[in-house]
Every structure is written in structure tokens, then in C-alpha cells.
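Let me begin by presenting the structure, written as C-alpha cells, before commenting on it.
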Amino acid sequence: DIQMTQSPSSLSASVGDRVTITCRASQRISSNLNWYQHKPGKAPKLLIYDASSLQSGVPSRFSGSGSGTDFTLSISNLQPEDFATYYCQQSSRTPHTFGQGTKLEIK
Amino acid sequence: EVHLVESGGTLVQPGRSLRLACAASGFTFDNYGFHWVRQAPGKGLEWVSGISWNSGKIAYADSVKGRFTMSRDNARKSVYLHMTSLSAEDTALYYCAKDRAQWLAIIAHWGQGTLVTVSS
Numbered sequence: 002d003i004q005m006t007q008s009p010s011s012l013s014a015s016v017g018d019r020v021t022i023t024c025r026a027s028q029r030i031s032s033n034l035n036w037y038q039h040k041p042g043k044a045p046k047l048l049i050y051d052a053s054s055l056q057s058g059v060p061s062r063f064s065g066s067g068s069g070t071d072f073t074l075s076i077s078n079l080q081p082e083d084f085a086t087y088y089c090q091q092s093s094r095t096p097h098t099f100g101q102g103t104k105l106e107i108k
Numbered sequence: 135e136v137h138l139v140e141s142g143g144t145l146v147q148p149g150r151s152l153r154l155a156c157a158a159s160g161f162t163f164d165n166y167g168f169h170w171v172r173q174a175p176g177k178g179l180e181w182v183s184g185i186s187w188n189s190g191k192i193a194y195a196d197s198v199k200g201r202f203t204m205s206r207d208n209a210r211k212s213v214y215l216h217m218t219s220l221s222a223e224d225t226a227l228y229y230c231a232k233d234r235a236q237w238l239a240i241i242a243h244w245g246q247g248t249l250v251t252v253s254s
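These protein sequence lines are chains W and Z, in that order. First residue of the first sequence: 2, per the numbering used here; consecutive thereafter. First residue of the second sequence: 135, per the numbering used here; consecutive thereafter.
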């Protein structure tokens, strides 16, 4: 199975900051990498698919990059509603594993 | 608007079986693959199973392989997860999720989840 490792596991930032979350795959997965935002009590939300494509309706302050084994999610100009847990997920091969999550908290 | 409504979650004893259902509406059901994703208390998201648009491809996480069976009924616009030999490790909120296409494993829409608690 492909293991997905996110870093950091948690992150503190302020409104207006720019943050970057990293996801590393244990095998090459081309650009088959997706990012989700998850808030407590809510359903997860797709942000980025195929490493860098912005899902419809998602603000442009979210961006993704990478290919092969190393990927990043960047959020610029953090807004209060962005504080949540973020997950990467590989869609290259089954099982379609998720990273362990990165909790983004308000500083 | 896409709607996914899960049902069937409940308190169940270890070793017993349970079937989850997901009713879909707001889109052409037959054209899309589906997945089940779970979140155990205090843990992250875990992909559990997926099924393609025509049931030609079905896959499972290693943790449930041989115990869980995913299926779909296009006439009823529903997907199912039949779970057997349940253990405490299966306790989780189970999300039904719709693929972006027939099977890309890009999860564009999620239900609100149904809670399964395995305990004696």
C-alpha cells in the first residue's frame, strides 16, 4: 500500500499569514494527489485535485503543487474560516490512502 | 444539488454484522463511482472501499478486506456497505462519498456520515 505522510501534524498561524503543508508519498503517484479540508461536525470538502487543480467554488488563496512523491498545499492570506484539519489523499492506486492530517490552529 | 444521505449506523456487539446504506439524489447516479470513508474517534480519515459506476471495479482497504462488501443498486440510486465480524476498531463515523467521475478516487461530494459503534 502507498503510505502518505503529512508534515507538520499541527500548525499555528494568524489571520493573513501564508502557510504550507507538505505531503509525501511512499511511492511515485504522478499527479494523483488530492487535498481536503475537514472541520469538526462537518463533511470533508475537496479543495485541490490532481495535485494542482482548484475545485470549483474553492477560493483562489488555496493552491497545490508537486508530482511524483512530494506535494504541497499552500494557503495565502489565511481567513478565520480556514482553520481546520487538512488531509492529502492519493488517487493513484487502491487502497486510496489518506495522510494523517494537519491541524491548522489560530495563533 | 448533490445529496448523499447515509443510514444504518447504530450500536452493535462485537462479531455481529451491519449494513450501511447511502441514498443519492441530485445527479445522474449511474455515471459515478462511490466510496466509503470512515473516521474513528479522535483519528484521521480512512478510505474504506470504493465501487465504480458499473460495479466492475470494487476495492477495499486491507483493514476491512474479506469482512466488508460494497455494492450498489442503480435502480434505487443507493450504495451499500455490508460489514461483518465487526470489532471495536470498526467504531467510526462512516461517510458515503461520490467520486468526481466513474472512478477517479477524487471525492467531490460527501454525506454527513452515519455513526457505527461496536461495543458489548
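We put the CB at the ideal spot given by N, CA and C, even for glycine. Just so it is clear, the structure is predicted and the values come from calculations on it, not from any experiment.
- Contact annotation: the region 19–35 of chain W does not touch the region 215–227 of chain Z, with fewer than three C-beta pairs closer than 8 Å.
- Proximity of TRP244 of chain Z to chain W, defined by a Cβ-Cβ separation below 8 Å, is satisfied.
- Assignment of beta-bridge partners to ALA26 of chain W by DSSP yields W:MET5.
- Sequence-distant Cβ neighbours of ILE192 of chain Z in its own chain, meaning closer than 6 Å and more than five residues away, are ILE185 and MET204.
- DSSP places ASN165 of chain Z within a helical segment (H, G or I) once states are collapsed to three.
- Contact of ASP196 of chain Z with chain W is assigned, a C-beta pair being separated by under 8 Å.
- By the C-beta criterion, the region 80–100 of chain W is judged to be in contact with the region 26–46 of chain W, since at least 3 inter-stretch pairs fall below 8 Å.
- For the region 152–180 of chain Z, the beta-carbon criterion of a distance under 9 Å to any beta-carbon of chain W is satisfied by HIS169, VAL171, GLN173, LYS177, GLY178, LEU179 and GLU180.
- For ASP51 of chain W and LEU238 of chain Z, the gap between their C-alpha atoms comes out near 10 Å.
- By the C-beta density criterion, HIS169 of chain Z is buried, having at least 16 other C-beta atoms within 10 angstroms.
- Taking SER10 of chain W as the centre and dropping the five residues before and after it, the same chain places the C-beta of GLN101, GLY102, THR103 and LYS104 closer than 8 Å to its C-beta, in chain order.
- Nearest to ILE76 of chain W by alpha-carbon distance, out of W:THR70, W:SER53, W:ARG94 and W:SER31, is W:SER53.
- Exposed is the label assigned to HIS137 of chain Z, since fewer than 16 other Cβ atoms lie within 10 Å of its Cβ.
- Look at ALA193 of chain Z here: in three-state DSSP terms it is strand.
- With distances taken between CA atoms, LEU47 of chain W lies nearest to W:PHE99 out of W:GLU106, W:ILE107, W:LYS108 and W:PHE99.
- From the beta-carbon of PHE99 of chain W, the residues of chain Z found nearer than 9 Å are VAL171, GLY178, LEU179, GLU180 and TRP181.
- In terms of beta-carbon proximity, ARG201 of chain Z stays away from the interface with chain W, with every pair separated by 8 Å or more.
- By the C-beta density criterion, THR144 of chain Z is exposed, having fewer than 16 other C-beta atoms within 10 angstroms.
- One finds SER92 in chain W with Cβ atoms closer than 7 Å to the Cβ of LEU238 of chain Z, taken in chain order.
- Of the other Cβ atoms in all chains shown, fewer than 16 fall within 10 Å of the Cβ of ASN208 of chain Z; this residue is therefore exposed.
- With its beta carbon at least 8 Å from every one in chain Z, THR70 of chain W lies outside the interface.
- If you check the CB distance, VAL182 of chain Z and ALA195 of chain Z come in under 8 Å.
- For VAL182 of chain Z, the enclosing beta strand (DSSP E) starts and ends at 179–185.
- Residues of chain Z with a Cβ closer than 9 Å to the Cβ of THR95 of chain W are, in chain order, TRP181, GLY184, LYS191, ALA193, TYR194, ALA195 and ALA239.
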